[in-house]
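Numbering (the numbering used here), first residue to last: 87 to 886.
In structure tokens form, the structure reads like this:
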């Protein structure tokens with residue numbers, strides 16, 4: 087008796103005798119793991135994708151401790167009437183100061199120290215233009231009031247529009263001057279919460295408090311002009327992303343179960359088979375969640391999508407076992423002998439398959455990128471746990487089910503098999519189609535792209551993201567700076583000046599401008615104030631004329647006269663909340679904000695920006711921090727670790743295949759569906775315009791593992807059954823391979839419906855990747871081998 091038959095008999099005897107005890111042990115372990123699994127939480131934060139010891143993460147955490155980071159809850163108030171928008175922003179800011187979750191409020195449109203000195207923030211040229219406008223305005227009204235003046239040209243009066251004049255620094259545009267945006271006046275209030283942006287419960291409470299305060303203020307206003315409120319900034323965008331992901335997980339999990347059930351019903355046409363497959367699967371997923379809680383404690387942005395995928399992959403053993411058991415039961419009508427046959431046929435290949443899959447995932451743990459590391463660790467352990475439950479739990483269920491029901495197993499009816507008959511099948515057509523598409527796929531390889539834009543991975547057209555873009559356009563500044571932490575205010579001022587001079591001499595720099603707290607002190611104040619005094623004297627000369635103007639015109643001139651009384655602005659005059667943004671409350675550090683020309687959500691731009699900043703060679707007491715630095719490090723780790731993880735996993739898998747098949751040509755044929763599948767994935771990506779990104783590349787090891795699975799199951803049976811052709815094997819084992827691949831594809835297809843675009847992209851790559859491996863496994867490679875067999879060359883079993 088062979089070792090395989092001895093193994094099959096031993097396992098069948100063990101399960102037949104101890105089925106009740108095996109199931110009891112599984113139930114007890116499951117009950118113990120429920121509390122652990124229930125504590126598993128989701129952390130939808132990019133920082134959780136990198137190790138906490140990484141400099142960029144440690145520096146960002148330090149920045150948050152010292153000055154609260156660069157994140158705010160941005161409150162946008164819009165109205166077609168400027169005074170209404172200003173009044174609501176003013177009243178809201180005063181009320182927000184008493185919010186429990188707020189550290190301070192920044193409403194620069196209502197800070198008296200800045201509002202009374204608006205003209206100092208203009209450039210000298212801008213101030214001189216204002217003087218010209220004042221001359222022209224007085225001249226215009228003097229002519230208008232002349233009884234002998236005839237306005238033949240219907241001359242419009244000049245406008246004293248301070249907001250249209252050139253600012254001395256781009257920094258002054260952030261919050262200090264309101265602009266009109268698409269027939270609406272926009273006012274912006276920055277709220278600094280006293281908790282991290284990842285505390286979503288407190289964020290939800292803050293949003294509710296904000297809306298309640300706004301609605302109270304709005305209801306007390308006259309109904310003449312409408313006013314509306316919008317929320318954005320990291321606190322809102324991360325909250326929205328978290329809830330989008332949670333909603334997507336619920337939806338896709340439901341769709342995954344629905345799709346898999348539908349496929350199982352079509353293939354087995356037997357409700358009992360579906361129940362027998364799902365019970366061990368549920369236990370395996372439960373145990374995996376408990377393991378994730380023990381080993382890590384949470385799911386991150388990438389590993390969060392694993393459970394649905396695990397349902398598609400974890401059910402594979404059940405499918406193979408039920409198919410093999412049913413074949414045996416058709417012949418023997420005996421449960422124990424049918425179990426023996428299934429264990430004999432599947433014991434070695436299923437173990438090899440589980441090991442190759444788990445090792446493929448475990449290879450991802452060599453990465454420093456926590457997204458990959460956690461995904462690989464949980465998936466690798468999950469595959470082994472599901473295998474263990476299925477290996478003993480499913481056969482035990484079959485035994486107990488037979489005893490409890492007192493009836494014999496009814497073998498399920500499968501799909502028609504005629505399409506898998508090789509002698510009547512279109513072998514030459516399959517070969518031709520496969521070769522043509524392989525050629526097309528090779529041509530697509532140079533066109534494959536990696537999408538570096540992190541914004542493309544979030545919900546499309548999310549309200550908070552649209553508002554964030556609108557704010558950047560409104561201010562004319564990309565509000566995603568990198569921060570330099572320095573030990574003193576003077577050092578920060580010197581660095582800001584140094585970087586701004588660098589920008590002037592490097593027009594192609596990725597930097598827009600740099601600012602420290604001293605950047606808020608206007609330059610050339612004495613010269614500006616002297617010019618303002620001259621303008622004031624001019625207006626004083628026209629006092630009698632001004633008195634004759636209508637009320638609106640007089641208010642405009644009086645406001646200008648008020649601004650002309652400005653005194654020099656010093657650091658002590660700056661609002662405390664503004665100083666806190668740069669120096670925190672303790673004042674232990676002073677920071678420089680370096681703003682980019684383009685959005686740093688584009689990973690390529692972030693890499694260039696951070697590299698250029700690091701190449702400036704700052705002293706050791708200057709620390710670079712900010713979320714863009716984290717983006718750059720994520721991409722750096724991906725570029726370093728993804729190829730290495732794939733090569734390591736492929737090397738280990740090939741070694742396992744040599745242990746299983748022991749001959750190089752056999753290993754080559756087992757690997758061939760995988761190689762062809764990856765090639766066709768490139769073709770599919772080119773055909774449908776798919777792009778790889780930092781989330782969907784995590785799917786590639788899954789494709790590698792399942793692609794090899796197909797080869798293992800098919801060619802192990804083909805090698806064993808000497809008298810059967812490969813397509814004879816396909817009519818039995820092939821159906822199981824097809825169903826296993828389709829259930830996994832169904833899990834990824836469910837991700838198509840996700841609102842989170844990163845999650846949806848994982849579904850696209852997974853669906854087309856597994857589909858390509860399936861087509862290669864059950865059509866192209868079998869057709870190729872059968873073609874070679876017809877030519878009297880037997881590539882897998884030697885000569886007949």
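From the three backbone atoms N, C-alpha and C, an ideal C-beta is built for every residue, glycine too.
Evaluate residue i with the Cβ neighbour count: other Cβ atoms within 10 Å of its Cβ, from every protein chain shown; 16 or more gives buried, anything less gives exposed.
{"i": "residue 424", "result": "buried"}
{"i": "residue 113", "result": "exposed"}
{"i": "residue 192", "result": "buried"}
{"i": "residue 505", "result": "Note that residue 505 scores a pLDDT of 42, beneath 50, so its modelled location is shaky and nothing firm can be said."}
{"i": "residue 221", "result": "exposed"}
{"i": "residue 507", "result": "Its pLDDT being 48, under 50, residue 507 is placed unreliably by the model, and nothing is read from it."}
{"i": "residue 855", "result": "buried"}
{"i": "residue 299", "result": "buried"}
{"i": "residue 184", "result": "exposed"}
{"i": "residue 510", "result": "Because the pLDDT of residue 510 is 45, which lies under 50, any placement of that residue in the model is unreliable, and the number read from its coordinates should be weighed accordingly. Flag for residue 510 reads exposed."}
{"i": "residue 238", "result": "Unreliable positioning characterises residue 238 in this predicted model, as indicated by a pLDDT of 48, which lies under 50. The coordinate reading is nonetheless provided below. Exposed, since its Cβ has fewer than 16 Cβ neighbours within 10 Å."}
{"i": "residue 874", "result": "exposed"}
{"i": "residue 774", "result": "exposed"}
{"i": "residue 406", "result": "buried"}
{"i": "residue 120", "result": "exposed"}
{"i": "residue 640", "result": "exposed"}
{"i": "residue 92", "result": "exposed"}
{"i": "residue 263", "result": "Any reading at residue 263 needs caution, since the residue's pLDDT is 48, under 50, leaving its predicted position unreliable; the model's value is listed next. Classification of residue 263: buried, given that the 10 Å Cβ count is 16 or more."}
{"i": "residue 867", "result": "buried"}
{"i": "residue 592", "result": "exposed"}
{"i": "residue 707", "result": "exposed"}
By Cβ distance below 7 angstroms, which residues in the same chain neighbour residue i in space, the five residues on each side in sequence not counted?
{"i": "residue 747", "result": "753, 756"}
{"i": "residue 628", "result": "224"}
Check the C-beta distance from residue i over to residue j and give it rounded, since I have them as a contact under 8 angstroms.
{"i": "residue 273", "j": "residue 182", "result": "Not confirmed; about 13 angstroms, so no contact."}
{"i": "residue 35", "j": "residue 557", "result": "Any property of residue 35 remains undetermined from this structure, which presents the chain solely from 87 to 886."}
{"i": "residue 784", "j": "residue 540", "result": "No, residue 784 and residue 540 are not in contact; Cβ-Cβ is about 15 angstroms, not under 8 angstroms."}
{"i": "residue 328", "j": "residue 126", "result": "In fact, because the Cβ distance is near 15 angstroms, the residues do not count as touching under 8 angstroms."}
{"i": "residue 374", "j": "residue 471", "result": "6 angstroms"}
{"i": "residue 452", "j": "residue 734", "result": "6 angstroms"}
{"i": "residue 842", "j": "residue 521", "result": "Incorrect: roughly 38 angstroms between the Cβ atoms, too far for contact."}
{"i": "residue 695", "j": "residue 568", "result": "7 angstroms"}
Could you name the residues of the same chain whose beta carbon sits closer than 6 angstroms to that of residue i, not counting the 5 residues immediately before and after it, in chain order?
{"i": "residue 548", "result": "326"}
{"i": "residue 342", "result": "394, 397, 833, 836"}
{"i": "residue 408", "result": "359"}
{"i": "residue 772", "result": "530, 533"}
Pull up the DSSP beta-bridge partners for residue i, would you.
{"i": "residue 842", "result": "545"}
{"i": "residue 597", "result": "682"}
{"i": "residue 192", "result": "276"}
{"i": "residue 571", "result": "677, 709"}
{"i": "residue 539", "result": "688"}
{"i": "residue 861", "result": "Residue 861 is not bridged to any residue."}
{"i": "residue 128", "result": "385"}
Would you say residue i and residue j are within 8 angstroms of each other, going by their C-beta atoms?
{"i": "residue 574", "j": "residue 678", "result": "no"}
{"i": "residue 487", "j": "residue 469", "result": "no"}
{"i": "residue 530", "j": "residue 769", "result": "yes"}
{"i": "residue 391", "j": "residue 831", "result": "no"}
{"i": "residue 276", "j": "residue 207", "result": "no"}
{"i": "residue 776", "j": "residue 667", "result": "no"}
{"i": "residue 711", "j": "residue 571", "result": "yes"}
{"i": "residue 433", "j": "residue 400", "result": "no"}
{"i": "residue 169", "j": "residue 270", "result": "no"}
{"i": "residue 349", "j": "residue 828", "result": "yes"}
{"i": "residue 553", "j": "residue 295", "result": "no"}
{"i": "residue 344", "j": "residue 840", "result": "no"}
{"i": "residue 439", "j": "residue 428", "result": "no"}
{"i": "residue 675", "j": "residue 153", "result": "yes"}
{"i": "residue 527", "j": "residue 865", "result": "no"}
{"i": "residue 543", "j": "residue 203", "result": "no"}
{"i": "residue 146", "j": "residue 716", "result": "yes"}
Can you list, in chain order, the residues of its chain whose CB lies under 8 angstroms from that of residue i, leaving out five sequence neighbours each side?
{"i": "residue 662", "result": "190"}
{"i": "residue 740", "result": "753, 757"}
{"i": "residue 101", "result": "108, 425, 478, 481, 482, 485"}
{"i": "residue 598", "result": "256, 563, 564, 589, 681, 682, 683"}
{"i": "residue 669", "result": "153, 575, 603, 675, 676, 677"}
{"i": "residue 418", "result": "424, 427"}
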